Amino acid sequence: MGNKLTLDQFDRTVADIYESALNPAHWDVAMAGIINRTAPPRWDIAFLLWERLNPPGGRFVGAFGVAEFARQGYIAAFAGRNPWSQYGHAQPVGTVAHTDALLSREEFRASELYRSFLCTWDIDSALIGVIDRAGPQHLGLVVPGPDSGPVDNLIDAVSRYLPHIQRATRISRRLGEANLRAANAEAALERSPSATLILGPDLELLYANGHGNEVLGGGYGDARDGRLMLRDRKTHAALLALARGKDPAPSLAFSIEPHDRPAMRALAMRIDGPMAQTLCGPIEGGRVLLVGSVHPGGIRQDAVKRYVEWFDMTPAEARLATLLADGRSLEDAATSRGVSVNAERFLLRGIFAKTGTSRQSELVALLRDAPGGWVDPAGTAPTIAP
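466 is the number that the working numbering gives the last residue of the sequence shown; the numbers go up by one with no jumps.
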């Protein structure tokens, strides 16, 4: 059901929400607080989104757990074009609804949003809070997750936060800064932490950012005669059908798994018109925007469970601690988990308090020096020697 919200936790998250009114980049930290303090395990995503149905479109204000390629993919192919948006826009401002109350799981799983996008993460439900309206646009807080039991505590927490988020976003708009976060999210593709390619109708390679070139040179795909070639023939054929408009689906989610390196999750989206978000100007003739993210190994779930049990970490804190113990930097962890570095620092402060450490190196040493296999007959967590 998630953690029951305490008054202290509520006050801290509300403080982050109002800080975001003055500094829109702080919304990522506020979203992290909502997830870290109240969400059940595996419910580790939250985002704030302006969206409209006609013409369909949207922009992210803040997010936690949404990778850059997932943000780009959602806006390009699904914003205002999916059942959650359509049913959610009919809800009154100030309400929170579980998507199961709006439509059946079967109806949602038949949608393109699930079949071509969210099935990658096994997400088929969400909490939707309607925060505000401005003309045809609606501002919503979305907390998606898998089917993992009741989420009553999370619903209660989101309902309490909603009026504060509404006030903070209205203050931000009056200050003329509400678009700052969206402008940052729409920065040049060259600066994206995701591998990004733009392809023509025959998969000709029209553009690749720095990470995209690294992927092409790292065994995830080949550029033969100026065209992208994937080793898996079925995936290559599906991508070609998407580029040529032969597949009615607007996107294609797939994974590239070389034998000797980590898998890369990728999402390809059909686009119309020129891509104008690169430093070198518009990219004419583009038909597919392909973005991907390489995750070096998975998060060790056994370690996550132990950190929760031994140190009373939240699931979000335990996932970050596991990555740090495995040698990942805070910046790497932020990129792979789709959050800002500030959001990860927010979690790190909680980890320090619960483990009695004050530096990242001290924390990593504590976690790495734990008993082998995390077997502890005495039933006590490891401690730092005086």
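No residue lacks a Cβ here, since even glycine has one placed at the ideal position from N, Cα and C. Because the structure is a prediction, the values reported are computed rather than measured.
Considering just the uninterrupted stretch of the alpha helix (DSSP H) at residue i, what are its terminal residues?
i, result
"Phe90", "Leu87 to Leu102"
"Gly160", "Premise fails: Gly160 is in no alpha helix (DSSP H) and is neither H nor E."
"Phe334", "That residue, Phe334, is in no alpha helix (DSSP H); its beta strand (DSSP E) goes Ser331 to Ile336."
"Leu285", "Element bounds for Leu285: not the alpha helix (DSSP H) but the beta strand (DSSP E), Leu285 to Ala288."
"Met111", "Trp107 to Thr118"
"Leu447", "Gln440 to Arg448"
"Gln171", "Per DSSP, Gln171 belongs to no alpha helix (DSSP H) and is neither H nor E."
"Gln430", "Per the sequence shown, the amino acid found at residue 430 is Gly instead of Gln. Run containing Gly430: Val421 to Thr435, per the alpha helix (DSSP H) assignment."
"Lys314", "Arg313 to Ala323"
"Val388", "Gln381 to Phe391"
"Ala190", "That residue, Ala190, is in no alpha helix (DSSP H); it is neither H nor E in DSSP."
"His244", "Asp232 to Arg254"
"Pro395", "Pro395 to Ala405"
By a C-beta neighbour count over all protein chains shown, 10 Å radius and 16 as the cutoff for buried, is residue i buried or exposed?
i, result
"Pro135", "exposed"
"Pro466", "Reliability of the predicted coordinates at Pro466 is poor, the pLDDT of 37 falling under 50, and the value obtained from them is presented with this limitation in mind. Under this definition Pro466 is an exposed residue."
"His218", "buried"
"Ala95", "exposed"
"Gln152", "buried"
"Pro362", "Confidence is the limiting factor: at Pro362 the pLDDT is only 49, short of 50, which leaves the residue's position unreliable and the question unanswerable from this model."
"Gly174", "exposed"
"Thr249", "buried"
"His244", "buried"
"Arg386", "buried"
"His339", "exposed"
According to the Cβ coordinates, are residue i and residue j closer than 8 Å?
i, j, result
"Pro224", "Ser205", "yes"
"Pro163", "Phe188", "yes"
"Gly372", "Ala275", "yes"
"Tyr300", "Ile336", "yes"
"Ile211", "Gln166", "no"
"Leu370", "Leu279", "yes"
"Phe127", "Val146", "yes"
"Asn422", "Val109", "yes"
"Ile379", "Leu403", "yes"
Strictly by DSSP, which residues pair up with residue i?
i, result
"His178", "Leu207"
"Glu131", "Gly138 and His218"
"Gly144", "Gly is not the amino acid found at residue 144; the sequence shown has Phe there. In the DSSP output, where bridge partners are listed per residue, Phe144 has Ala126."
"Asp212", "Leu219"
"Val368", "Leu279 and Arg350"
"Gly225", "Ser205"
Judging by CA-CA distance, which residue of the options is the nearest neighbour of residue i?
i, options, result
"Ala318", "Asp227, Leu283, Gly290 and Asp392", "Leu283"
"Pro395", "Tyr98, Gly113, His106 and Ala95", "Gly113"
"His178", "Val222, Val421 and Tyr194", "Val222"
"Glu285", "Asn293, Gly306, Ser438 and Asn233", "One detail in the question is off: residue 285 reads as Leu in this sequence, not Glu. Checked all of Asn293, Gly306, Ser438 and Asn233; the closest Cα to Leu285 is Gly306."
"Met344", "Leu320, Ser331, Leu310 and Ala329", "Leu310"
Determine the extent of the beta strand (DSSP E) in which residue i is found, giving its start and end residues.
i, result
"Ile278", "Ala275 to Leu279"
"Asp302", "Asp302 to Arg304"
"Met349", "Met344 to Arg350"
"Leu308", "Arg307 to Met309"
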